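Student: Position 176 of the sequence shown, counted from 1, bears residue number 166 in the working numbering, the numbering being contiguous throughout.
The beta carbon of each residue, even a glycine, is placed where N, CA and C say it ideally should be.
Just so it is clear, the structure is predicted and the values come from calculations on it, not from any experiment.
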Amino acid sequence: MKVTRESTGMKLDEALKKIREGEKRKFSQTVDLIVNIRNIDLKNPANKFSKDILLPHGRGKEISVCVISDNISGSIGKNDIEDFSRSKSAAKQFTKKYDFFVCEAPLMPLVGKVLGRYLGPKGKMPRLLLPGKDPKSIIDESKKSVRIMLRDSPTIQIPIGSEDMQDSQIKENVEKVLEEVKKSIPPKAQLKNAYIKTTMGKAVKIGVM
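1. Take the Cβ of Arg49 as the centre, count every other Cβ of all protein chains shown within 10 Å, and call the residue buried at 16 or more, exposed below.
2. So what does DSSP say about Gly197, is it helix, strand or coil?
3. Indicate, with yes or no, if the ligand HEM has a heavy atom lying under 8 Å from the CB of Asp73.
4. Spatial neighbours of Ile196 within its chain, please: C-beta separation below 7 Å, excluding the five flanking residues on both sides.
5. Using a 10 Å radius around the Cβ and a threshold of 16 neighbouring Cβ atoms, would you call Pro116 buried or exposed?
6. Alpha carbon to alpha carbon, how far is Ile24 from Cys93?
7. With contact counted as at least three CB pairs below 8 Å, one residue from each stretch, are the stretch 33 to 50 and the stretch 135 to 150 in contact?
8. Using only alpha-carbon positions, find the residue among Lys7, Ile27, Leu44 that is nearest to Ser135.
9. Secondary structure at Gln159, three-state DSSP: helix, strand or coil?
10. Classify Asp70: buried if its beta carbon has 16 or more other beta carbons within 10 angstroms, exposed otherwise.
11. When you compare each of Gly102, Val21, Ile175, Gly191 to Lys41 by their alpha carbons, which one comes out closest?
12. So Ile53 packs on Ile66, CB below 8 Å; how close in whole Å?
13. Look up Ile62 in the DSSP assignment and say whether it is helix, strand or coil.
14. Using a Cβ-Cβ cutoff of less than 8 Å, which residues in the same chain neighbour Ser18 once the five nearest sequence positions on both sides are dropped?
15. Go through its chain and collect everything with a Cβ distance to Arg141's Cβ below 6 Å, but skip five positions before and after it.
16. Would you report the Cα separation of Leu168 and Thr20, rounded to the nearest angstrom?
17. Secondary structure at Lys82, three-state DSSP: helix, strand or coil?
18. Quick test of your reading: Ala95 and Leu109, contact by CB under 8 Å. State the CB separation rounded to the nearest angstrom.
19. Nearest by alpha-carbon distance to Leu105: which of Ser127, Ala80, Gln156, Asn61 is it?
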């Protein structure tokens, strides 16, 4: 990843303008946020985390959500999940097909057993669909969410918008994620630096507090 070399980082407003100066593409590029964290011991399991963040303005692109349930019409059910246990290639393709998964509690153990090895490393383990909760609300939330994970590397990289969005919208998304990252890391840990970039563009350093 190529980065610019500002020592303290640009103001976010300036950085957003900067990343739009590159070569125009024939598609709407995703805008990514990269956050590096220091003073954190990831050998300690207590410092690792996974957290869903509801973005103020969504991700600016269509997000696919799979519902796993035996009680909701059109969902993936128990029999479908069991079928994946007989084909690793089919299981892998299935987990790549969707951005988010939601699952009813009774099927969570089966999903973990059959698909956990594929979903876990990608940060796609299902959100729990609670009994009586309207599935539409959790699907809508998922479509506007990103999942931040800290595991083996002190770096988080996630999509926080698209070129089609207004700078003010992307800015609020970035600020929301940075706020949630600060809340999630241990007290001694700090944000070392952060960058924003488009899919095909160079990363630009932004200031972090």
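Tutor: On the basis of the coordinates in this document:
1. The residue you call residue 49 lines up with position 59 of the sequence shown. Result: buried.
2. In the sequence shown, counting from the first residue as 1, residue 197 sits at position 207. Looking at Gly197 - three-state DSSP - the assignment turns out to be coil, as it is neither helix nor strand.
3. Of the ligands one can find in the structure shown there are none, so the ligand HEM has no counterpart to examine.
4. Here residue 196 refers to the residue found at position 206 when the sequence shown is read from its first residue. Excluding positions up to five away in sequence, the list reads Gly(-1), Met0, Leu2, Ala5, Ala184, Tyr185, Ile186.
5. Counting from one through the sequence shown, the residue named residue 116 turns up at place 126. Burial call: buried.
6. In the sequence shown, residue 24 corresponds to position 34, counting from 1. In the sequence shown, residue 93 corresponds to position 103, counting from 1. Spanning the two alpha carbons is a distance of roughly 29 Å.
7. Result yes; three or more Cβ-Cβ pairs closer than 8 Å.
8. Against the sequence shown, residue 135 aligns to sequence position 145. Nearest option by C-alpha distance: Leu44.
9. As a working mapping, residue 159 is identified with position 169 in the sequence shown. In this structure, Gln159 counts as helix in the three-state DSSP scheme.
10. Within the sequence shown, residue 70 is the residue found at index 80, counting from 1. It is exposed - the Cβ of Asp70 has fewer than 16 other Cβ atoms within 10 Å.
11. The residue you call residue 41 lines up with position 51 of the sequence shown. Nearest of Gly102, Val21, Ile175, Gly191 to Lys41, Cα basis: Ile175.
12. Counting from one through the sequence shown, the residue named residue 53 turns up at place 63. Counting from one through the sequence shown, the residue named residue 66 turns up at place 76. Between Ile66 and Ile53 the Cβ distance is about 17 Å, and since that is not below 8 Å, they are no contact.
13. Taking the first residue of the sequence shown as position 1, residue 62 is located at position 72. Judged by DSSP in its simplified three-state form, Ile62 adopts coil rather than helix or strand.
14. Locating residue 18 in the sequence shown gives position 28, where the first residue counts as 1. Same-chain partners within the cutoff: Gly50, Lys51, Ser152, Glu153, Asp154.
15. For the purposes of this step, residue 141 is taken as the residue at position 151 of the sequence shown. Result list for Arg141: Lys38, in chain order.
16. On the sequence shown, position 178 is the one that residue 168 refers to. On the sequence shown, position 30 is the one that residue 20 refers to. Roughly 18 Å separates the two Cα atoms.
17. The residue given as residue 82 occupies position 92 in the sequence shown. Lys82 falls in the helix class under three-state DSSP.
18. For this step, residue 95 is matched to residue 105 along the sequence shown. For this step, residue 109 is matched to residue 119 along the sequence shown. Rounded, the Cβ-Cβ distance is 16 Å, inconsistent with contact.
19. Taking the first residue of the sequence shown as position 1, residue 105 is located at position 115. Ranking the options by Cα distance to Leu105, first place goes to Ala80.
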